[in-house]
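Colleague: Structure in structure tokens, see below.
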Amino acid sequence: MPDAKTLYVDAVSASLPSVLSDLLLSFDAFEREKLDTLVRFCVGATCPPRIAGHSDAWECGQTRLHARLANIGPVKDRKRPRDGDDNGENGENGEGASINGYRHAPAIANKKQKLSTAEDDDTEEDTTPMHILHALSITAPVRKKVDIVITPDAVRLTHPVSGALEARVPVAAITRAFLVSSLGKNKNKPQWAVTLMTSDRHVPKEGFKTTVGSKSPPASHEKGAETLSILQAFLACLPEHIEQYTALGPADADSALVAFASSSSQPFVDAYVGAKEGALCFLPSGILWSGTRPCEYFALEDLAPDSDVPGAGGVKTLSATGRTFSVYVRRGPVHADSGNNNSEDGEEEEMEEGEETEFAMIDGRESENVNAWIRKFRRLFGKPRTEQAQVVKAVDKKGKGRAKAVGPVQDANDGDSDRSDEDFVAPSDSDGGEPSSDEESGPDGGNNDQGDEEEEAEDGDSEDLGDADEEDEELDPARHPLMRPGAMPRMSKAAMDAAVAMVIGDVAGSGDEEEEEEEDELE
1 MPDAKTLYVD AVSASLPSVL SDLLLSFDAF EREKLDTLVR FCVGATCPPR
51 IAGHSDAWEC GQTRLHARLA NIGPVKDRKR PRDGDDNGEN GENGEGASIN
101 GYRHAPAIAN KKQKLSTAED DDTEEDTTPM HILHALSITA PVRKKVDIVI
151 TPDAVRLTHP VSGALEARVP VAAITRAFLV SSLGKNKNKP QWAVTLMTSD
201 RHVPKEGFKT TVGSKSPPAS HEKGAETLSI LQAFLACLPE HIEQYTALGP
251 ADADSALVAF ASSSSQPFVD AYVGAKEGAL CFLPSGILWS GTRPCEYFAL
301 EDLAPDSDVP GAGGVKTLSA TGRTFSVYVR RGPVHADSGN NNSEDGEEEE
351 MEEGEETEFA MIDGRESENV NAWIRKFRRL FGKPRTEQAQ VVKAVDKKGK
401 GRAKAVGPVQ DANDGDSDRS DEDFVAPSDS DGGEPSSDEE SGPDGGNNDQ
451 GDEEEEAEDG DSEDLGDADE EDEELDPARH PLMRPGAMPR MSKAAMDAAV
501 AMVIGDVAGS GDEEEEEEED ELE
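Sequential numbering from 1 applies to the sequence shown in UniProt numbering.
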């Protein structure tokens with residue numbers, strides 16, 4: 001009868017080939033119990049009763065063991081050979097052949113190729129971690145919870161339990177890194193999103209290689225610990241060629257450094273591209289579309305120059321109802337190569353229009369904030385970075401966001417001047433009293449007509465100025481809240497009752513007024 005304490009060792013002993021049957025003869029009963037525990041651990045059996053208090057550590061150790069055993073080498077395909085098929089159907093050691101008693105499955109032409117394990121490409125420098133973030137949810141290139149490891153050569157995404165490599169992104173391919181404040185399901189809890197981009201525009205998806213990584217030492221943080229400093233330390237490990245941008249809310253950063261703040265004090269607004277919902281983040285250096293795949297970045301130098309022409313310009317807003325509005329972002333035309341001297345090719349490239357992207361269904365309350373960002377940075381649209389610094393200096397010298405004009409400024413009404421303007425100019429030697437004889441006699445003796453024309457012109461001027469002031473006041477959204485996007489007129493109940501009473505009074509008293517009018521006509 002087999003011993004219950006050494007069931008697994010007895011099973012192994014009974015299964016050993018004859019050349020290995022003497023391996024277990026030198027173990028006594030106590031040592032066989034220890035060996036049985038080791039075999040239990042290796043084959044994935046449950047924790048034995050005598051160490052039941054360590055069941056959690058037992059299971060974690062088994063998971064690590066299986067992952068490492070899988071990385072040691074491939075397991076033989078042990079299919080049962082057919083009767084009388086020693087050399088295989090297709091010849092000796094051919095497709096479907098039987099080698100050493102084990103049948104190998106024939107290759108299938110349309111079978112999906114396995115991703116290559118980059119054991120040859122995985123260098124010692126690549127497996128040396130510089131910073132590790134444990135158990136974070138990502139959306140690309142895989143959508144799952146992984147450990148993110150930065151090495152000198154790559155950003156590695158590994159399974160948080162087994163340590164198996166899910167994806168590997170070379171740091172040489174990364175061009176921009178963003179740290180953006182975001183809102184999670186709990187609106188009162190601050191969260192941050194990190195976006196690493198290899199290109200500003202969307203590129204077709206390509207396959208990626210998997211590499212074999214070693215299990216990194218685990219790290220833990222207390223619940224409720226500040227995560228912003230951890231993410232900043234993570235991004236600090238990236239190489240210097242990667243441009244890093246940070247967009248935090250006024251609560252997390254200096255208000256003077258915040259380029260945009262929504263009504264919820266966030267550096268982004270919720271928007272849609274087609275049916276995909278994401279976050280449109282406005283930065284001092286451009287516009288970032290994140291929160292969904294694919295991400296895009298519109299740098300200020302890549303936007304089309306600002307223009308008042310409808311349908312042109314780098315960033316425009318459009319609202320049909322006032323409840324929501326859309327932001328249209330247009331990239332600039334493709335510039336000709338600096339070394340190309342062919343003018344015809346250059347003209348063709350200048351005529352090419354940049355692609356336009358619509359970000360729709362934005363809350364109308366954010367319209368003023370978005371327009372303020374456009375007014376602040378529209379002078380930099382399409383400008384190279386070297387020229388952007390000069391434009392900013394010119395704006396700072398003038399103050400309050402108005403650039404200093406170069407050269408004389410011409411009034412918009414200067415081109416409309418004619419001879420009749422002389423009639424509106426008061427004589428310099430007049431003291432305000434009665435006109436002298438020289439003033440009374442004009443060149444054609446028609447001083448009375450001239451005075452009438454002056455009075456009419458002055459009246460017309462005053463009316464025009466009054467109309468202009470009224471138009472300015474009506475178009476000023478700061479003084480007229482009803483002109484703001486999404487605003488609706490409100491009327492109190494007392495005002496509604498008064499209006500209804502006035503209407504009822506007019507209807508009820510209409511007969512008396514008609515009788516009074518008839519009596520007046522008879523008299």
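Even for Gly, the Cβ is constructed at its ideal location relative to N, Cα and C. Everything numeric in this text was worked out from a predicted model, so none of it was measured.
Assign LEU25 to buried or exposed, taking buried as 16 or more other Cβ atoms, counted over all protein chains shown, within 10 Å of its Cβ.
Modeller: LEU25 comes out exposed.
Colleague: For the beta strand (DSSP E) that LEU288 lies in, which residues bound it at each end?
Modeller: Counting along the chain, the beta strand (DSSP E) containing LEU288 begins and ends at 286-290.
Colleague: Under a three-way DSSP split, which group does PHE268 fall into?
Modeller: Note: PHE268 maps to strand in three-state DSSP.
Colleague: With H, G and I counted as helix, E and B as strand and the rest as coil, what does DSSP make of LYS144?
Modeller: LYS144 falls in the strand class under three-state DSSP.
Colleague: What three-state label does DSSP hand TYR102 in the structure shown?
Modeller: Legend: pLDDT at TYR102 = 42, less than 50; position of this residue unreliable, value from coordinates given subsequently. TYR102: strand per DSSP, three-state reduction.
Colleague: Just the C-alpha distance for THR227 and LEU179, rounded to the nearest angstrom, thanks.
Modeller: Near 12 Å, if we compare the C-alpha coordinates of LEU179 and THR227.
Colleague: Pull up the distance between the alpha-carbon of ARG64 and that of SER162, whole angstroms please.
Modeller: Computed Cα separation, rounded: 6 Å.
Colleague: Evaluate contact between the segment 368-383 and the segment 229-237, counting only Cβ atoms and requiring at least three cross-stretch pairs below 8 Å.
Modeller: Touching, no, given that fewer than three Cβ pairs across the two stretches are closer than 8 Å.
Colleague: In angstroms, rounded to a whole number, what distance separates the CA positions of LEU69 and TYR272?
Modeller: Rounded to the nearest angstrom, the two C-alpha atoms are 47 Å apart.
Colleague: Taking 8 Å as the threshold (C-beta atoms), are ALA312 and GLY332 in contact?
Modeller: No, the pair does not count as a contact, with Cβ atoms beyond the cut-off.
Colleague: With distance defined between alpha-carbon atoms, name the residue in GLU296, PRO141 and VAL503 nearest to HIS202.
Modeller: Among GLU296, PRO141 and VAL503, the Cα nearest to that of HIS202 is on GLU296.
Colleague: Short check: CB of PHE234 to CB of PHE260, under 8 Å?
Modeller: No, the pair does not count as a contact, with Cβ atoms beyond the cut-off.
Colleague: Quick check: what's the CA-CA separation for ALA389 versus VAL309?
Modeller: Between ALA389 and VAL309, the C-alpha separation is close to 26 Å.
Colleague: If we ignore side chains and look at the alpha-carbon of each, how far apart do MET197 and ALA299 end up?
Modeller: Their backbone Cα atoms lie some 13 Å apart in a straight line.
Colleague: To the nearest angstrom, how far is it from the Cα of GLY61 to the Cα of PHE359?
Modeller: One C-alpha to the other measures close to 50 Å.
Colleague: I need the DSSP call for ASP363, collapsed to helix, strand or coil.
Modeller: Of the three classes helix, strand and coil, the one that applies to ASP363 here is strand, per DSSP.
Colleague: For GLY278, which residues in the same chain have their Cβ closer than 7 Å to its Cβ, ignoring the five residues on either side in sequence?
Modeller: Only ALA271, TRP289, SER290, GLY291 and THR292 meet the Cβ criterion.
Colleague: Who are the near neighbours of LEU136 in its chain, counting only those whose CB is closer than 8 Å to its CB and skipping five residues on each side?
Modeller: For LEU136, where only same-chain residues beyond five positions count, the Cβ hits under 8 Å are LYS145, VAL146, ASP147 and ILE148.
Colleague: Would you decide whether PHE30 is buried or exposed? Buried here means 16 or more other CB atoms lie within 10 Å of its CB.
Modeller: Exposed: under 16 other Cβ atoms inside 10 Å.
Colleague: Within 10 angstroms of the Cβ of residue 572, are there 16 or more other Cβ atoms? Answer buried if so, exposed if not.
Modeller: Summary: the structure shown does not reach residue 572, with the chain confined to residues 1 through 523, and so no result is reported for it.
Colleague: Can you say whether SER428 is buried or exposed, counting buried as having 16 or more other CB atoms within 10 angstroms of its CB?
Modeller: For SER428, the predicted structure reports a pLDDT of 45, less than 50, and the residue's modelled location is therefore unreliable. The matter cannot be settled from this model.
Colleague: Tell me where the beta strand (DSSP E) around MET130 begins and ends.
Modeller: Note, MET130: premise wrong, no beta strand (DSSP E); not H, not E.
Colleague: Might you give, ordered along the chain, the residues of its own chain that have their beta carbon closer than 6 Å to the beta carbon of VAL269, omitting 5 neighbours on each side?
Modeller: So the list reads SER262, LEU280, ILE362 and GLU366, once near-sequence residues are dropped.
Colleague: PHE178 bridges to which residues according to DSSP?
Modeller: In the DSSP output, where bridge partners are listed per residue, PHE178 has THR195 and TYR245.
Colleague: In the structure shown, what three-state DSSP assignment does GLY44 receive?
Modeller: If DSSP states are grouped into helix, strand and coil, GLY44 belongs with coil.
Colleague: Could you give the residue range of the alpha helix (DSSP H) that holds THR63?
Modeller: It spans 55-72 - the alpha helix (DSSP H) in which THR63 sits, taken as one unbroken run.
Colleague: Restricting to Cα atoms, I'd like to know which of ALA154, VAL370, SER265 and VAL194 is closest to ILE138.
Modeller: It is VAL194.
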